[in-house]
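Residue numbers (my numbering), protein chains in the order written: chain A, 1 to 185; chain B, 1001 to 1254. The structure appears right after this line, and notes come after that.
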Amino acid sequence: MNEREPSSVDVLIASDQVPANARPESLSEEAIWALLDNVKDPEVPAISVVELGIVRRLSWDGKHLSVDITPTYSGCPATELIEELIVEALRAAGIRDPQLNQVLTPAWTTDWITAEGREKLRAFGIAPPQGNASKMSLLGAEETIACPQCGSDHTERISEFGSTACKALYRCSDCLEPFDYFKCI
Amino acid sequence: MTQQEALQEYLLRLADSDMILGQRLSELVGKAPALEEELASTNVALDLIGQARHWYEYAADLINNGRDADNLAFLRDAHDYRNLLMVEQPNGDYAVTIARQFFFDVWHYFTLQSLVNASDERIANVAAKAIKEATYHLRRSAEWVRRMGDGTEESHRRIQHAFDLLWRFTGELVTPDDTDHAMFKAGIGPDPEQLKQDWFGMVHEVAAQATLTPGKEDAWMYMGGKHGVHTEHLGFILAEMQFLPRAYPDATTW
Chain A
1 MNEREPSSVD VLIASDQVPA NARPESLSEE AIWALLDNVK DPEVPAISVV ELGIVRRLSW
61 DGKHLSVDIT PTYSGCPATE LIEELIVEAL RAAGIRDPQL NQVLTPAWTT DWITAEGREK
121 LRAFGIAPPQ GNASKMSLLG AEETIACPQC GSDHTERISE FGSTACKALY RCSDCLEPFD
181 YFKCI
Chain B
1001 MTQQEALQEY LLRLADSDMI LGQRLSELVG KAPALEEELA STNVALDLIG QARHWYEYAA
1061 DLINNGRDAD NLAFLRDAHD YRNLLMVEQP NGDYAVTIAR QFFFDVWHYF TLQSLVNASD
1121 ERIANVAAKA IKEATYHLRR SAEWVRRMGD GTEESHRRIQ HAFDLLWRFT GELVTPDDTD
1181 HAMFKAGIGP DPEQLKQDWF GMVHEVAAQA TLTPGKEDAW MYMGGKHGVH TEHLGFILAE
1241 MQFLPRAYPD ATTW
């Protein structure tokens, strides 16, 4: 969590990231949203940080940009990398010193993943979260998750947890393919 | 004890319990009985360490003497640690790992349920995030308790043994002290009586489904973790966990 003093080399690289002919003041807020929609989640590269719902708010006056982002999980190790990727994308567009704020409330929920985001997850081979997070019971029955490969409902859960904190591991009993399910929280 | 001292103390308890259980679970990397369980254990660990970081950051801001979250985690010794004795107990066989997780998860779930409505906004915000994760943890550990308890003769024997072994550390989860009472009065922590009822209620419910016999409420209990009096295990955990930042205090990238 400690920041290293930037060396001259770092400064050189940072300044190189902002193109000399960049004119950020002409960017609209919509254009910045579109810009961030090109920043992919490093752990689920099928969808963008906007589609995932972790960019919560933008405030842009033509000079100063402030971006609110929220982590998916308290300990998500990708959070810092995502912040770096966002800053990098903004600098490439000429926005020199974007201010990133980490907000915890309201807490991120899979309900915020956009419809396009869900479709892209499915096409990528990850079953998107099903139903509404707030309606899940604590010790209730398991829900049925459709296989993202063949669409079959004959699937079984192998593990509550998958390759990242946000996923669980399933297997399709028809096409026999294992697949990730984006957990509903 | 001032209100702020009680709050600092309470935050360190939350942070330390998350941190130490996260560290214990991380020991299973490369050693869990199945790959899926290794993923699960380390994912739970990740959630807990992430939550610990949020609590440490708040505690560091209150203490306000130049210490940051890393400093609180890595540069305090065992007698300064305020974690529950339950979470420092060794992993044992997988039944012990699961029973420890289940006892903790039930406590964690009901504690966070209260903290979500805390009068302190920063606590409420961290809890609102953490409760989602803790709910998921509890769903998993309760399922494992039922599966083992109502499974084979061997799995039943093991999880019952784990319940018996760890029962002496459960009292600390539901026995309030001055700090707990102060936090309840301040509209932050849970009602101690309610927490106790809820904890026993759920443990008995799941134990019944799992055909297990929990211990007695008035059994003799080990206490002291919340005041820095620990079992012999904590020092070894800290020795491993703190070695790197203590040996290389100037390192900023591991």
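Idealized CB from N, CA, C, for every residue including glycine.
So residue i packs on residue j, CB below 8 Å; how close in whole Å?
i	j	result
B:Met1019	B:Ala1078	That belief does not hold up - the Cβ atoms of B:Met1019 and B:Ala1078 are roughly 13 Å apart, past 8 Å.
B:Ala1130	B:Gln1023	Actually they do not touch by this definition, with Cβ atoms about 17 Å apart.
B:Arg1140	B:Ala1210	Rounded, the Cβ-Cβ distance is 14 Å, inconsistent with contact.
A:Glu29	A:Leu58	6 Å
B:Leu1085	B:Tyr1222	6 Å
B:Leu1028	B:Asn1091	6 Å
B:Phe1110	B:Leu1195	6 Å
I'd like the list of long-range same chain contacts for residue i, defined as Cβ closer than 6 Å, with 5 residues on each side in sequence excluded.
i	result
B:Leu1011	Trp1055, Tyr1058 and Ala1059
A:Ala146	Asp153
A:Asn101	Asp68
B:Leu1062	Gln1008
A:Trp112	Gly53
B:Tyr1094	Pro1033
A:Ile95	Pro24 and Leu65
B:Gly1187	Ser1119
B:Pro1190	Thr1111 and Ser1114
Quick check: what's the CA-CA separation for residue i versus residue j?
i	j	result
A:Trp33	B:Ala1208	53 Å
B:Asp1120	B:Phe1184	12 Å
A:Glu177	A:Leu52	25 Å
A:Ile201	A:Leu36	Residue 201 of chain A is absent from the structure shown; chain A starts at 1 and stops at 185.
A:His64	A:Glu25	9 Å
B:Gly1225	B:Ala1239	18 Å
B:His1227	B:Pro1176	12 Å
B:Asn1117	B:Asp1070	27 Å
B:Ile1098	A:Tyr181	23 Å
B:Thr1135	B:Ile1237	26 Å
B:Glu1038	A:Trp60	44 Å
A:Cys150	B:Leu1234	50 Å
Under 6 Å: does the beta carbon of residue i sit that close to some heavy atom of the ligand HEM?
i	result
A:Leu81	Inclusion of the ligand HEM in the displayed structure is not the case, the ligand content being empty and no account of it being possible.
Ordered along the chain, which non-local residues of its own chain (more than five positions away) have a Cβ less than 8 Å from that of residue i?
i	result
A:Ala46	Lys40, Lys120, Leu121, Ala123, Phe124 and Ile126
A:Ser15	The pLDDT assigned to A:Ser15 is 48, lower than 50, so where the model puts this residue is not dependable; a value taken from the coordinates is nonetheless given after this. Cβ within range, chain order: n/a, list empty.
A:Pro71	Ile54, Thr79, Gln102, Leu104 and Trp108
Grab me the residues of residue i's own chain with a C-beta within less than 7 Å of its C-beta, minus the 5 sequence neighbours each way, in chain order.
i	result
A:Ala89	Leu35, Leu36, Asn38 and Val39
A:Gly117	Ile47, Glu51 and Leu52
B:Trp1199	Val1106, Trp1107, Phe1110, Leu1173 and Val1174
B:Leu1255	Only positions 1001 to 1254 of chain B appear in the structure, and residue 1255 of chain B is not among them; the question remains open.
Checklist entry - Contact between the region 1165-1174 of chain B and the region 103-122 of chain A: three or more CB pairs below 8 Å? => result no
Next on the checklist: Does the region 152-172 of chain A come into contact with the region 1035-1047 of chain B, if we say contact requires no fewer than three beta-carbon pairs (one atom in each stretch) closer than 8 Å?
Outcome noted: The region 152-172 of chain A makes contact with the region 1035-1047 of chain B; the number of CB pairs closer than 8 Å reaches 3 or more.
Item to check | Given 8 Å, three or more beta-carbon pairs between the region 1092-1112 of chain B and the region 1195-1203 of chain B | outcome: yes
Checklist entry - If you pair each beta-carbon of the region 1002-1009 of chain B with each one of the region 119-128 of chain A, do three or more pairs fall below 8 Å? => result As far as the Cβ criterion goes, the region 1002-1009 of chain B does not touch the region 119-128 of chain A, which means the pair count is below three.
Checklist entry - Which full runs of the alpha helix (DSSP H) of 4+ residues lie inside the region 1026-1074 of chain B, going along the chain? => result Counting only runs of 4 or more, we get 1035-1063 and 1069-1074.
Checklist entry - Hey, which unbroken runs of the alpha helix (DSSP H) at 4 residues or more fall wholly within the region 1206-1250 of chain B? => result DSSP runs (the alpha helix (DSSP H)) wholly in the region 1206-1250 of chain B: 1233-1247.
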